[in-house]
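Under our numbering, think of the first position of the sequence shown as 50, with each following residue one higher.
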Amino acid sequence: MAVFIVLAICTFASAADGEDWLELIGNDALGAWQGECGGWTVGGDAALDPQDVRALVAMPGRGVLISSLSGRAESRNLTSKQSFADQEIHIEFLVPKGSNAGVKFQGLYEIQIADSFGKAQPTASDCGGVYPRAELEPRYHTIDEGVPPPVNACKPAGEWQELDVVFRAPRFDAEGKKIEDARFVKVTLNGRVLHENIGLKWPTGHAWRKEKEVARGPLFLQGDHGPVAYRNLRIKAARE
50 MAVFIVLAIC TFASAADGED WLELIGNDAL GAWQGECGGW TVGGDAALDP
100 QDVRALVAMP GRGVLISSLS GRAESRNLTS KQSFADQEIH IEFLVPKGSN
150 AGVKFQGLYE IQIADSFGKA QPTASDCGGV YPRAELEPRY HTIDEGVPPP
200 VNACKPAGEW QELDVVFRAP RFDAEGKKIE DARFVKVTLN GRVLHENIGL
250 KWPTGHAWRK EKEVARGPLF LQGDHGPVAY RNLRIKAARE
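Listed below in structure tokens is the structure:
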């Protein structure tokens, strides 16, 4: 099977079709991302490995990014070259059985991606949740409940899913003091609205301890927690 294993330095982003939208995963699939994008495979599609439902296989072509094909968490996370304030994104993703990932706005505020299909009472660590805050010591553990999705809109492992998010960045005064929290204005998973006007007093995960909130920051795609495929990532930044 012909696929492209990408270990080289990423290059440049390209403009998407449609006014004001920037395409971050297109034919130049890794061009919008910083540094070495080790462990990512570029393909034309992704599917469950017929020999292992916890792994993915890549189809020939371009336009899809797949992490950790082997089923082991071996890929680097992706950080966009560009930074954004207020933004709207559309992204499609596919996970195998038991895997998880996430999309972090400004690298700080995470919407969880996970194989949560069929779970009766999803938590914030399930697909579409606003991820909880966490501590690293003595071992990684969450310290609040985050914001669970009110309904489980997750599709089965191996199916492409759609996530649409409107994000409002935090506001700061002239001295750099935060005067307004970041906010998930609207989060939609597979056509179901999960969240509206969710204030974010702190960054999520362990970032709340170690990372400073900013007016502008990069988009961050997790790839080091297990296999995940992404495609059709478009972002519309607010005009300034």
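Here a beta-carbon is modelled for each residue, glycine too, at the ideal position from N, C-alpha and C.
Through-space distance from His-139 to Phe-154, alpha-carbon basis: So the two alpha carbons sit approximately 12 Å from each other.
8 Å Cβ cutoff met for Phe-166 and Pro-205: One thing to note: Phe-166 has its Cβ within 8 Å of the Cβ of Pro-205.
Runs of beta strand (DSSP E) lying entirely within the stretch 81–113, each at least 3 residues, in chain order: Fully enclosed beta strand (DSSP E) runs of 3 or longer: 89–98.
Bridge partner(s) assigned by DSSP for Pro-267: Answer by DSSP bridge pairing, in chain order: Ser-132.
Start-to-end residues for the beta strand (DSSP E) that takes in Lys-259: Taken as a continuous stretch (DSSP letters only), Lys-259 belongs to no beta strand (DSSP E), being part of the alpha helix (DSSP H) at 256–259.
Alpha-carbon spacing of Val-234 relative to Asp-135, whole angstroms: In this structure, the straight-line span from the alpha carbon of Val-234 to that of Asp-135 is close to 10 Å.
Per-residue DSSP class, three states only, for Trp-251: If DSSP states are grouped into helix, strand and coil, Trp-251 belongs with coil.
Chain-order list of residues whose beta-carbon lies under 7 Å from that of Val-263 (same chain, five-residue window excluded): Cβ within range, chain order: Gln-155.
Cα-Cα separation, Glu-260 to Thr-253: Glu-260 and Thr-253 have their C-alpha atoms roughly 10 Å apart.
Rounded separation between Glu-141 and Pro-187 - CA only: Straight across, the Cα-Cα distance linking Glu-141 with Pro-187 is about 35 Å.
For Thr-191, three-class secondary structure by DSSP: The DSSP-derived three-state label of Thr-191 is strand.
Contact belief for Gln-161 with Tyr-180 at Cβ below 8 Å, rounded distance in angstroms: The pair is a contact, with the Cβ atoms about 5 Å apart (cut-off 8 Å).
8 Å Cβ cutoff, Leu-243 in contact with chain D: Given the protein chain composition of this structure (a single chain), no chain D is represented.
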